[in-house]
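Protein chains in written order, with the working numbering: chain A, -13 to 97; chain B, 7 to 119.
The block underneath contains the structure these notes are about, expressed in structure tokens.
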Amino acid sequence: DAKTTQPNSMESNEEEPVHLPCNHSTISGTDYIHWYRQLPSQGPEYVIHGLTSNVNNRMASLAIAEDRKSSTLILHRATLRDAAVYYCILRVQGGSEKLVFGKGTKLTVNP
Amino acid sequence: KAGVTQTPRYLIKTRGQQVTLSCSPISGHRSVSWYQQTPGQGLQFLFEYFSETQRNKGNFPGRFSGRQFSNSRSEMNVSTLELGDSALYLCASSSGTETGELFFGEGSRLTVL
């Protein structure tokens, strides 16, 4: 299974931007990059996904390197509610909804 | 629309017993997948069902099984429970495409004594 590497933890201040990095050097040409987050005592929640181009939605932006070996999830203005574990996942191809979760990055947001 | 519903939310069993967990997906979703989350191993994929057929399976022993009904509701069963089966069991539903998002339930927390 394709692997991703993320920092164990990051810290940010409220209302400041947050850049969460992810390395995926073994990504295949057709693998999509997905980000999920898990708030305390909840199931994971979809954040964003992309293939090659940068993507924006109401929650975040996803910046994908030109060689696709890394990506960055950008929270433009962190709030206390963004404190969660963020998972960067490569979507395994082959007609399956299998997600391979790594350890993720625990984001702490300081008031 | 209603989200993914998992029941029961909490349960306690003893070693050797068996347990059945239920998952009702979002209306219209045909894929249901199950994950186990423990502090040591993190989130691990158990299996996925699509239109009543198991489409993929993770690396878990045969004590872990599941099924999906014609209305897309799914159940998973763990037989001969072991202490190490204590975990949060999460169900996710999706439309079944390879790029769509998965919607997770809040999970069923199983404690094995």
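Quick reminder that beta carbons are idealized off the backbone N, C-alpha and C, glycines included.
In this text the structure is predicted, and so the values were computed from the model without any measurement.
| Query | Result |
| --- | --- |
| 6 Å Cβ shell around S99 of chain B - same chain, five flanking residues per side excluded | V10, P31, I32, H35, V38, F109 |
| Inter-residue Cα distance where the pair is T58 of chain A and L6 of chain A | 5 Å |
| Per DSSP, the bridge partner or partners of Q50 of chain B | B:Q42 |
| Closer than 8 Å to chain A by CB, G72 of chain B | no |
| Any C-beta of chain B under 8 Å from that of Y32 of chain A | yes |
| Reduced DSSP category for G22 of chain B - H, G, I as helix; E, B as strand; rest coil | coil |
| Where G64 of chain B sits in the DSSP three-state scheme | coil |
| Contact under 8 Å by Cβ, L76 of chain A with T(-10) of chain A | yes |
| C-alpha distance - S78 of chain B paired with V86 of chain A, whole-angstrom precision | 23 Å |
| Per DSSP, the bridge partner or partners of L27 of chain B | B:M82 |
| Exposure label - I18 of chain B; buried when at least 16 CB within 10 Å | exposed |
| Contact with chain B by Q(-8) of chain A, beta-carbon distance below 8 Å | no |
| Interface residues of the segment 99 to 116 of chain B facing chain A [CB-CB below 8 Å] | S100, G102, E104, T105, E107, L108, F109, F110, G111, E112, G113 |
| Buried or exposed by the 16-neighbour rule on C-beta atoms within 10 Å, applied to P6 of chain B | This structure gives no information on residue 6 of chain B, because the portion of chain B shown stretches from 7 to 119. |
| Cβ pair Y18 of chain A, E31 of chain A closer than 8 Å | no |
| Contact list for K89 of chain A against chain B, beta-carbon separation under 9 Å | G48 |
| Local conformation of G90 of chain B per DSSP, three classes | helix |
| Spatial distance of Q24 of chain A from G22 of chain B (CA atoms) | 31 Å |
| Beta-carbon neighbours of L85 of chain A, restricted to chain B and to distances below 7 Å | F51, L108 |
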